[in-house]
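Oh and the sequence shown: position 373 is 358 in my numbering, straight run, nothing missing. A virtual CB, placed ideally from N, CA and C, is assigned to each residue, including glycine.
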Amino acid sequence: ELLQGYDAEWLLPLRAQLEQEYLGAILEAVPLLLQAGETETAQRLAEQATRIYPLSEPAAQLLIRVYFSLNLPTLAEAAYARYQGELARVLGDYPRFTLESLKDKPMTVGEVRSERIAPSELPTMRPRAAVPAPLTRFFGREQELERIVQMLQQGTRLITITGPPGIGKTRLGQEVGLRVEGAYVGRVFWASLREARTELEVRRALAHALGSEADASHEAFLDALAACLGDAPALIITDNWEQTLDAAPLLTSLLQRAPRLQAIALSRHPLELEGEYLLSLEPLPTPETDALVEMLHSNPAVALFVDRAQAVRPDFALTEANACRVAQLCRALEGAPLAIELAAAQLGTHSLNHLLQTLNERLDWLVSRRRDVGYPHRSLQAALESSYALLTPQFQRALTQLAILQGEWDEPLASAVLGKPAAPILDALTRHSLLQRRWGDDAPRYQMLESVRLFALRKGDGRSDALHARLFGYFERLGATVQAEFNTAAQLHWLRTLRRLYPNLHGAMEC
């Protein structure tokens, strides 16, 4: 839009003229693209035209005829229904053409362009917050993408993607939005809640995303948003819910009022709403350090590292000489996308060897120098600080105490270290995405990402004598039990248990 945000009278006719010319250009280009076999581009432009000009008859006819020409009659019917609904809702009018009249009508170059675009057909509302277009390449997450798209196709109304800071929730949400944009004919909205701290600010963010001027403080606010959405399918992706969880019921209320709306929430913590489907995001898979170079190229963590390294060192490449060290670094960073990106950026001033040798100080050098990066993503330390700040003092202290544990461990060991029943604390820290929980044969097992563990050790008394005494006492009691049952049927169980707990047994022995 020309000079968006300014509404001077002299701008209005100029803006309308430019919008008419832009739509006209699309109407001319699409038939040419279809003739040239560029069907994906033609479909995308036709869908874009109806998104920008929802009341334009030429744009609606163009999209419907494109769908018919690509043998997509279901999408054609849906496009006609959306146009019919928009006309009725906004203008109290009805289409001047029928769906049947466009079924067998061939599209000729320039024909649609000749139809006049009336000023009343120009958009009355546009999405102000479409999905942000990424500036960098995306790696991995194909299974997660397919799963989310499948859930949306099956009609799931609310999907919450959770995970620790820096795991890639925002970027995955962007990729989902871009992938399904065509299915929603551009009605995919993006609402960032990063700056929101109150329910009123969340309301304003939702209104801004949907292009609504509704008063966020009014009791009929959600009804106004639902009316703005209409009866056409739509998707809203909301990011950074962890700071405003108390306002999450707004999303339920909006979904109840807009039955064709679906939502994806990105949060470090579940929203805990009715109908919520959770997808916990894991780190990217990392390679074996002795894998062949050809195999490493296909590993998403390595591919991400190489791509971001080339942004600061264009001559950087994965070779026989450095492949093992790159794989080792990606494994040490546990496949966390933010950590990998920040590490790759350091190759502008440091060597791979230097990064590997200073991994224990990673929180000091995993820092971005980019000016356009918000505080939580400026460094790994900042990302973890923002999660730590959301914990109550009780859970903050528990996190720093549990940092003494390494590798995988279970609830009894955690209870021994904390000096009290650990179950509710482990559940809370897991829901805040600061612990990973995996289910074994008989009970859940927990693990703290090494970056989180190093951060927590800095924060508290993770190396205090009292904690080490509790840890040593636990293994002293466990040793007595193992000795008593070692020559029984439980022998295999205890061998597996000791193998799993060995890193912490070793730590207790060093106390």
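Of the listed residues L419, D427, L480 and P397, nearest to G458 (C-alpha basis) = Out of L419, D427, L480 and P397, the CA that lies nearest to the CA of G458 is found in P397.
inquiry  = Can you tell me where the beta strand (DSSP E) holding F53 begins and where it ends?
reply    = Run containing F53: none in the beta strand (DSSP E); it sits in the alpha helix (DSSP H), E42 to S54.
ask   = Hey, is Q139's beta-carbon within less than 8 Å of any beta-carbon in chain D?
value = Although the question refers to chain D, the structure presented lacks it and comprises just one protein chain.
request  = Leaving aside the five residues before and after V402 along the sequence, list all residues of the same chain whose C-beta is less than 7 Å from its C-beta, in chain order.
outcome  = The residues are Q386, L387, I389, L390, L452, R455 and L456.
task = Assign S449 to buried or exposed, taking buried as 16 or more other Cβ atoms, counted over all protein chains shown, within 10 Å of its Cβ.
result = Counting Cβ neighbours within 10 Å, S449 comes out exposed, since fewer than 16 surround it.
ask   = Can you pull the DSSP bridge partners for T514?
value = As displayed, the chain neither begins before -14 nor continues past 496, which places residue 514 out of reach and without an answer.
ask   = Is P429 helix, strand or coil when you go by DSSP?
value = In the structure shown, P429 sits in a strand (DSSP, three-state: E or B).
inquiry  = My output table needs one value for R101: the three-state DSSP class, helix, strand or coil.
reply    = For R101, the predicted structure reports a pLDDT of 36, less than 50, and the residue's modelled location is therefore unreliable. A value from the coordinates is still provided. DSSP places R101 in the coil class of the three-state scheme, outside both helix and strand.
Inter-residue spacing [alpha-carbon to alpha-carbon] between E166 and A407 = Computed Cα separation, rounded: 44 Å.
ask   = When you compare only the Cα positions, how much space is there between E259 and R164?
value = Straight-line Cα distance between these residues: approximately 26 Å.
request  = Return the chain-ordered list of same chain residues with a C-beta closer than 8 Å to the C-beta of F471, the five sequence neighbours on each side being excluded.
outcome  = Spatial neighbours of F471 in its own chain (CB-CB distance under 8 Å, excluding positions within 5 residues in sequence) are listed in chain order as W479.
inquiry  = So the candidates are V467, L337, G404 and S372; which of them puts its Cα closest to the Cα of R498?
reply    = Nothing can be reported for residue 498: it is not among the residues displayed for the chain, which extend from -14 to 496.
CA nearest to the CA of E186, picked from F174, S202, S197 and A63 = Taking only the C-alpha atoms, the option nearest E186 is S202.
ask   = Rounded to the nearest angstrom, how far is the Cβ of A250 from that of L143, given a contact under 8 Å?
value = With 8 Å as the limit, A250 and L143 qualify as a contact, their Cβ atoms being about 7 Å apart.
ask   = Are the CB atoms of G320 and L269 nearer to each other than 8 Å?
value = With respect to L269, G320 sits close: the two C-beta atoms are nearer than 8 Å.
ask   = What number of angstroms, rounded off, separates the C-alpha of V161 from the C-alpha of L87?
value = Near 32 Å, if we compare the C-alpha coordinates of L87 and V161.
ask   = Near T473, what residues of its chain come up, given a Cβ to Cβ distance below 7 Å and the 5 sequence neighbours on each side ignored?
value = Answer for T473: no residue qualifies.
ask   = If we count the other Cβ atoms within 10 Å of its Cβ and call it buried at 16 or more, is H491 buried or exposed?
value = The residue in question, H491, is exposed, as its Cβ has fewer than 16 Cβ neighbours within 10 Å.
task = Name the residue from R430, K444, R310 and I37 whose alpha carbon lies nearest to the alpha carbon of A374.
result = Nearest option by C-alpha distance: K444.
Three-pair Cβ contact test at 8 Å for the stretch 137 to 157 versus the stretch 414 to 424 = The way I'd put it, the stretch 137 to 157 does touch the stretch 414 to 424; three or more beta-carbon pairs between them come closer than 8 Å.
inquiry  = Per DSSP, what are the beta-bridge partners of W175 in this structure?
reply    = Answer is I222.
request  = Could you say if the stretch 282 to 297 and the stretch 312 to 327 meet the contact criterion of at least three C-beta pairs nearer than 8 Å?
outcome  = Taking 8 Å as the limit for Cβ pairs, the verdict is that the stretch 312 to 327 does touch the stretch 282 to 297.
message = Given a cut-off of 8 Å on the beta-carbon distance, is the pair L486 and W394 in contact?
response = Yes, Cβ-Cβ distance for L486 and W394 is below 8 Å.
ask   = With distances taken between CB atoms, is the gap from E32 to V116 smaller than 8 Å?
value = Not a contact, by the Cβ cut-off of 8 Å.
request  = Kindly list the residues whose CB is nearer than 8 Å to the CB of Y65, restricted to its own chain and excluding five residues on each side of it in sequence; keep chain order.
outcome  = Within the same chain, and ignoring the five residues on either side of Y65 in sequence, the residues whose Cβ sits closer than 8 Å to its Cβ are A45, I49, P80 and L84.
message = Quick check for students: name the residue ranges of the alpha helix (DSSP H) that lie wholly in the stretch 123 to 168, counting only runs of 4 or more.
response = List check, alpha helix (DSSP H) in window: 127 to 138 and 154 to 165.
request  = Determine which residues share a DSSP beta bridge with R422 and list them.
outcome  = Bridge partners of R422: Y431.
ask   = Looking at the unbroken alpha helix (DSSP H) that takes in Q366, where does it start and where does it end?
value = Per DSSP, Q366 belongs to the alpha helix (DSSP H) from L365 to Y373.
ask   = Which of the three DSSP states, helix, strand or coil, is assigned to V278?
value = Under the three-state reduction of DSSP output, V278 falls in the helix class.
query = What does a CB cutoff of less than 8 Å around F301 pick up in its chain, not counting 5 residues either side in sequence?
reply = Excluding the 5 residues flanking it on each side, F301 has same chain C-beta neighbours closer than 8 Å at V291, A294, Q295 and L332, in chain order.
message = Excluding the 5 residues flanking A243 on each side, which residues of the same chain have their C-beta closer than 6 Å to its C-beta?
response = Excluding sequence neighbours, A243 sits near A211 and L214.
request  = Can you grab the Cα-Cα spacing for the pair F380 / L411, in whole Å?
outcome  = Using only the alpha carbons, I get a separation of about 9 Å.
ask   = Quick one: what does DSSP say V352 is sitting in, helix, strand or coil?
value = Residue state, collapsed to three classes: strand.
Pairwise C-alpha distance: P234 and D224 = Each residue's Cα considered, the two are about 15 Å apart.
query = Between L207 and S177, is the Cβ-Cβ spacing less than 8 Å?
reply = Not a contact, by the Cβ cut-off of 8 Å.
key: Buried or exposed (CB count within 10 angstroms, at least 16 for buried), D433   = Looking at the sequence shown, residue 433 is not Asp but Met. It is buried - the Cβ of M433 has at least 16 other Cβ atoms within 10 Å.
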